[in-house]
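Numbering-wise (my numbering), the sequence shown opens with residue 167 and increments by one.
Beta carbons are placed, not taken as given, at the ideal position from N, Cα and C, and that holds for glycine.
Remember, predicted model here, so these are calculated numbers, not experimental data.
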Amino acid sequence: MRFATDTGGTFTDLVVEDDDGFVRMFKASTTPDDPIRGVLDVLQVAADDYGMSRAEMLAKGDLFIHGTTRAINAIVTGTAAKTALLCTWGNPEVLVLREGGRIEPFNFTVPYPKPYIPRALTFEVPERILHDGSVDQPLDEAALLAIIAEMKARGVEAVAVSLLWSVVNPVHELRIGALLAEHLPGVPVTLSHEVNPILREYRRTSATAIDASLKPLMTTYMQTLEARLREAGFAGRVLVLTSQGGVLDAADVARQPIHSINSGPSMAPVAGRYFAEADCAAKDAIVADTGGTTYDVSLIRGGTIPWARETWIGQPFRGHMTGFPSIDVKSVGAGGGSIASVDEGGLLSVGPRSAGSVPGPVCYGKGGVEPTVTDAALVLGYLDPDNFLGGAIALDLGAAERAIEERIARPLGLSVFEAASAILDVVTENMVQAIDDITVAQGFDPANAVLIGGGGAAGFNSVLIARRLGCKTLVMPQVGAALSAGGGLISELTNNFRVIAATRTNAFDADLVARTLKDLREKAEAFLAATGDQAIESRMTFSFEGHYPSQVWDIEVPLPSDRIDDVKALETAFHDTHEALFAVRDEGAPVEIVSWRVDVAVKIRSGSIGQMQNIGRGGKSTRRNCYFRETGLGEVRLASFSDMTEDDRVRGPAIVESPFTTVVVFPGSEARKVASGSVVIELLGENA
167 MRFATDTGGT
177 FTDLVVEDDD
187 GFVRMFKAST
197 TPDDPIRGVL
207 DVLQVAADDY
217 GMSRAEMLAK
227 GDLFIHGTTR
237 AINAIVTGTA
247 AKTALLCTWG
257 NPEVLVLREG
267 GRIEPFNFTV
277 PYPKPYIPRA
287 LTFEVPERIL
297 HDGSVDQPLD
307 EAALLAIIAE
317 MKARGVEAVA
327 VSLLWSVVNP
337 VHELRIGALL
347 AEHLPGVPVT
357 LSHEVNPILR
367 EYRRTSATAI
377 DASLKPLMTT
387 YMQTLEARLR
397 EAGFAGRVLV
407 LTSQGGVLDA
417 ADVARQPIHS
427 INSGPSMAPV
437 AGRYFAEADC
447 AAKDAIVADT
457 GGTTYDVSLI
467 RGGTIPWARE
477 TWIGQPFRGH
487 MTGFPSIDVK
497 SVGAGGGSIA
507 SVDEGGLLSV
517 GPRSAGSVPG
527 PVCYGKGGVE
537 PTVTDAALVL
547 GYLDPDNFLG
557 GAIALDLGAA
567 ERAIEERIAR
577 PLGLSVFEAA
587 SAILDVVTEN
597 MVQAIDDITV
607 AQGFDPANAV
617 LIGGGGAAGF
627 NSVLIARRLG
637 CKTLVMPQVG
647 AALSAGGGLI
657 SELTNNFRVI
667 AATRTNAFDA
677 DLVARTLKDL
687 REKAEAFLAA
697 TGDQAIESRM
707 TFSFEGHYPS
717 QVWDIEVPLP
727 SDRIDDVKAL
737 ETAFHDTHEA
747 LFAVRDEGAP
757 VEIVSWRVDV
767 AVKIRSGSIG
777 QMQNIGRGGK
787 STRRNCYFRE
797 TGLGEVRLAS
807 FSDMTEDDRV
817 RGPAIVESPF
827 TTVVVFPGSE
837 ARKVASGSVV
847 IELLGENA
């Protein structure tokens with residue numbers, strides 16, 4: 167058996183795949199005070215469904231794949247470790263000065279962002295490596311020992327080391343690492359040339375600082391996760407979802423926790439691409455994952471999952487750059503738990519504040535008093551109060567109605583139904599804006615894509631979103647309520663290695679390049695050798711980063727192999743890539759190459775995402791009173807995920823439901839089931 171979990175802000179999702187390829191999905195409330203308890207809780211729910219003890223079920227497992235927001239939450243909330251930065255003497259301001267750029271060039275009311283590591287915890291080490299790797303000033307070890315003593319006195323919990331040109335010659339960083347291990351035993355250290363070997367000083371230093379600050383927390387978390395799973399009966403391999411859309415062993419993530427920053431959201435595009443191709447043969451898709459707290463969106467173009475080289479935590483130029491490439495996912499504060507309120511000016515807003523899992527929406531009866539999107543869906547009749555999560559949580563319809571009446575309807579002079587519809591309309595606009603930012607703003611027409619709806623709350627308004635975008639087709643996967651966890655099941659074990667080795671195609675250093683590519687292959691093969699006997703197949707992809715001599719920024723260009731026999735072919739590959747990106751090429755110019763990289767991917771599972779076994783019926787009724795703006799309040803058809811056949815057509819207004827999710831088929835749309843078990847909704851147009 168294989169287990170894939172994703173810990174969100176409201177629910178912890180679990181997808182279990184048995185040896186016959188069938189899957190089952192489960193949910194339990196996230197426990198913010200102890201997220202691992204939430205994981206064990208959802209495993210207990212699964213064990214009960216299988217009719218065995220949790221220990222018996224876990225003993226059958228060989229893979230446990232885990233996605234977590236632990237790292238990103240620590241950064242956002244400022245609860246990462248107290249971290250010091252060691253830098254080259256004379257270069258202490260790299261995290262203060264950052265890189266240029268402003269979202270609003272003339273808005274001077276926004277304060278300049280604070281550095282990730284305070285200037286007071288930044289220490290200058292007397293040393294200097296030059297650009298060619300030669301030592302200009304030897305490392306002053308006596309001065310370093312004095313710095314170490316000061317860090318110890320200040321109670322530093324982690325250390326980031328980022329020296330000038332260490333990516334060309336790491337001798338000083340390595341020596342500092344050795345002295346820190348000797349004189350600050352137990353304090354984790356991150357060396358910049360190991361975690362992110364790139365030339366850009368701010369990006370490399372920022373990645374080093376973030377990684378170091380997460381090590382105490384994530385090392386403890388990963389060790390505790392493995393220990394508690396072992397204690398519960400699991401003896402297999404524990405893997406963690408990474409920002410790169412793959413998985414790594416938990417121990418590897420503990421060593422470089424920066425990989426786990428977008429651990430959960432990165433898997434939704436992986437699953438979304440799979441369902442777009444399987445259900446609609448579509449290469450272009452908008453993947454939207456609606457959680458309780460956030461709405462995560464990404465764009466699949468030509469079957470390719472998008473990557474961002476400038477990944478920010480928070481707003482661009484106002485937050486912190488990870489300096490690490492990752493799957494490009496945009497997140498906004500809009501989800502099932504987003505709180506609705508009316509401000510002093512009489513305007514309705516929804517989000518970004520969320521009720522989360524504690525206290526949760528008002529209808530959960532856990533102390534929440536502010537109405538949420540989930541409360542609005544319940545009031546509109548879209549949710550069955552007696553069959554939420556298969557009856558695991560009884561929803562209080564009366565409490566939701568009173569909250570919306572008092573806080574939204576009365577201040578706006580609306581009926582309760584109108585107020586609930588308005589909440590849904592506002593959160594829909596917030597979500598559409600997030601999608602516009604990754605489509606229209608980048609020259610892509612969303613009407614040409616399939617919309618993939620994931621997350622437990624996606625069904626409330628995905629048809630409305632598709633209608634606003636002009637999308638003709640919406641896919642609600644069978645495992646959509648746990649889309650990221652489902653993506654974890656089909657993810658691959660991935661890693662990448664990079665080496666700085668500068669050369670020009672008109673003065674090509676063949677020996678340097680040969681040594682560089684040989685070094686990369688050896689690193690990749692060492693990673694493959696450590697993957698164990700679960701590897702089904704593997705692949706290596708080589709690339710280089712370079713630019714025309716007049717340019718400042720690099721682009722990445724794939725190589726056909728790890729051997730360069732024809733420099734002209736290398737130039738042509740660069741010209742082709744440059745033209746594809748910018749519509750121009752400069753055939754007569756040489757190419758300046760800065761770095762070389764190898765990406766390794768290991769398939770540890772064959773086949774597709776199997777059919778769900780426990781999707782179950784919705785409620786017992788076949789009709790329910792629901793409110794739609796177009797038709798008012800009235801009875802509509804209730805269809806079940808499990809009972810729908812491929813010949814069945816469900817025309818809106820209607821509801822398609824299961825214990826895990828509710829899909830609202832609004833007027834002007836029609837739902838059908840496809841072979842994978844997904845529900846595909848076609849928007850019929852104004853005259854349908």
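Beta-carbon contacts of residue i that lie in its chain and below 8 Å, excluding the five residues immediately before and after
i, result
"G512", "P577 and L578"
"L167", "The amino acid occupying residue 167 in the given sequence is Met; Leu does not appear at that position. The residues are V182, E183, D184, D185, M223, K226, G227 and D228."
Backbone secondary structure at residue i - three-state DSSP
i, result
"L329", "coil"
"R366", "coil"
"A841", "coil"
"A588", "helix"
"I656", "coil"
"R467", "strand"
"A854", "In this predicted model, A854 has a pLDDT of only 39, less than 50, meaning its place in the structure is not dependable; the value taken from the coordinates is given anyway. The answer is coil: DSSP assigns A854 none of H, G, I, E or B."
"T374", "helix"
"N596", "helix"
"R634", "helix"
"E476", "coil"
"D199", "coil"
"V750", "coil"
"T243", "helix"
"V645", "coil"
"L580", "coil"
"F230", "strand"
Beta-carbon proximity of residue i to residue j, cut-off 8 Å
i, j, result
"L649", "I601", "no"
"G522", "T459", "yes"
"Y737", "V757", "It should be pointed out that residue 737 corresponds to Glu in this sequence rather than to Tyr. Result yes, Cβ atoms of E737 and V757 sit closer than 8 Å."
"Y282", "I376", "yes"
"R236", "P198", "no"
"P819", "V802", "yes"
"F710", "N661", "no"
"S497", "P431", "yes"
"L407", "D415", "no"
"V325", "T249", "yes"
"V379", "A247", "In the sequence under discussion, the amino acid at residue 379 is Ser, which differs from the Val named in the question. Contact flag set, yes."
"I471", "D450", "no"
"W762", "T827", "no"
"V830", "Y548", "yes"
"L330", "R294", "yes"
"S507", "L546", "no"
"V535", "V528", "yes"
"P363", "V333", "yes"
"V516", "I589", "yes"
"P518", "G499", "yes"
"F441", "S806", "no"
"S704", "V768", "yes"
"R370", "G489", "yes"
"E265", "Y368", "yes"
Contacting residues, own chain, Cβ-Cβ under 6 Å from residue i (five flanking each side not counted)
i, result
"A854", "Any answer about A854 is weak, because its pLDDT of 39 lies below 50 and its placement is not dependable; what the coordinates show is given next. G834, listed in sequence order."
"I238", "I427"
"L252", "F289, V291 and V327"
"D728", "L683, R687 and F708"
In DSSP terms, what residue i is bridged to
i, result
"I821", "L804 and V830"
"A767", "T660 and R705"
"C792", "G800"
"R815", "R838"
"G619", "A454"
"I759", "T669 and G712"
"V189", "E183 and M778"
"T171", "L180 and H232"
Residue i beta carbon near the ligand SAH (any heavy atom closer than 7 Å)
i, result
"M433", "This structure lacks the ligand SAH; in fact it carries no ligand of any kind."
Same chain, Cβ closer than 7 Å to residue i, five either side skipped, listed in chain order
i, result
"A632", "L617, L640 and L849"
"V645", "V181, V189, M191, G652, I775 and M778"
"A668", "I759 and V760"
Legend entry - Complete beta strand (DSSP E) runs within the stretch 272–322 (minimum length 3 residues, chain order): 288–291 and 301–303
Legend entry - 4-residue-minimum alpha helix (DSSP H) runs that sit fully inside the stretch 377–462, ordered along the chain: 416–421 and 433–446
Inset, instruction - Quick one: which unbroken beta strand (DSSP E) runs of 3-plus residues sit fully inside the stretch 484–567? Chain order, please. - result: Counting only runs that start and end inside the stretch 484–567, the beta strand (DSSP E) elements of at least 3 residues fall at 496–498, 504–508 and 514–520.
Legend entry - beta strand (DSSP E) runs wholly inside the stretch 661–745, at least 3 long, in chain order: 703–713 and 721–724
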